[in-house]
Amino acid sequence: MSSLYLVTDSAIAQQAGHTLAYVVDEACRAGIRWVQLREKSLSTRAFLELGTVLKRITQTYGANLIINDRVDIALAIDADGVHVGQDDMPCSLVRSLIGPNKIIGLSINNLAELEAARDVDVNYLGIATIFPTSTKQDTSSLLGLEGLQLICQRTTLPTFAIGGINTRTIQEIARTRATGSAVVSAICGHPSPYEATRELIKLMDDA
Ligand code: TZP
Ligand code: MG
């Protein structure tokens with residue numbers, strides 16, 4: 001399974017002239033098997049409707065659909081899992097709500113957060129933020145490759161690096177111990193999400 005992870009941003013997709021459904025369909029067609037629906041300003045109804053559309057698309061390709069923050073929406077559309085950050089619902093509570101067979105991802109920004117997550121029942125870690133990015137404003141730390149490597153060395157969980165990863169930087173990530181890379185603008189903001197995904201996967205595989 002490809003370890004490239006697409007995190008959505010409908011504003012970035014829209015600026016590139018795409019709907020999110022198009023971006024996700026094209027990315028899945030090109031080989032993406034991890035998609036996170038991350039929307040910070042949608043109404044609950046719009047989030048639910050978008051989630052329903054993306055669930056249908058990802059299911060067609062056998063890709064995992066993970067919902068950012070919203071456990072209720074993940075449950076409502078029977079998504080594959082939930083991704084939470086440090087200020088979101090605690091993972092133990094997410095687990096009790098979504099059950100043992102769903103995927104939980106947790107964002108980790110530094111070693112202290114990794115230590116705090118030691119005994120937490122999660123399936124993978126998102127490691128942020130690796131490189132500067134304009135996609136997310138409130139990034140608390142900049143880990144760089146060394147910070148990423150330190151965190152990956154101290155966990156046996158699958159790890160997805162995020163932040164500033166694109167065709168210029170993905171090979172550096174692929175040479176660390178991280179399981180994979182998560183990207184927003186490199187796919188959502190590209191004129192061809194299909195070509196962008198193909199290129200990123202090829203670069204990863206060649207690294
Ligand atoms: N979390 C940390 S950085 C980031 C998120 C969601 C955004 C990464 O966006 P991009 O465009 O891939 O740099
Ligand atoms: Mg969150």
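When you line the sequence shown up against full-length UniProt numbering, it's residues 1 to 207, in that order.
No residue lacks a Cβ here, since even glycine has one placed at the ideal position from N, Cα and C.
Exercise. Collect the residues with a C-beta less than 6 Å away from any heavy atom of the ligand MG and give them in sequence order along the chain.
Key: Asn-68, Asp-69, Val-84, Gly-85 and Asp-88
Exercise. Helix, strand or coil for Val-122, going by three-state DSSP, please let me know.
Key: If DSSP states are grouped into helix, strand and coil, Val-122 belongs with coil.
Self-check item: Beta-bridge pairing of Thr-159 - partner residues as DSSP gives them
Solution: Leu-125
Practice problem: Using only the heavy atoms of the ligand TZP, determine whether one of them is closer than 8 Å to the beta carbon of Val-184. | Solution: yes
Quiz prompt | 7 Å Cβ shell around Gln-149 - same chain, five flanking residues per side excluded | solution = Thr-176 and Arg-177
Self-check item: Distance cut-off 8 Å: Phe-47 Cβ against heavy atoms of the ligand TZP
Solution: no
Self-check item: Inside the segment 134 to 205 only - beta strand (DSSP E) runs reaching at least 3 residues
Solution: 159 to 162 and 180 to 183
Exercise. Using three-state DSSP, classify Ile-32 as helix, strand or coil.
Key: coil
Quiz item: For Pro-100, is the classification buried or exposed, using 16 other Cβ atoms within 10 angstroms of its Cβ as the cut-off for buried?
Solution: Under this definition Pro-100 is an exposed residue.
Quiz item: What residue does the alpha helix (DSSP H) around Ser-3 start on, and which one ends it?
Solution: Counting along the chain, Ser-3 falls outside any alpha helix (DSSP H), and DSSP gives it neither H nor E.
Practice problem: List the residues that DSSP assigns as beta-bridge partners of Val-82. | Solution: Ile-67 and Ile-104
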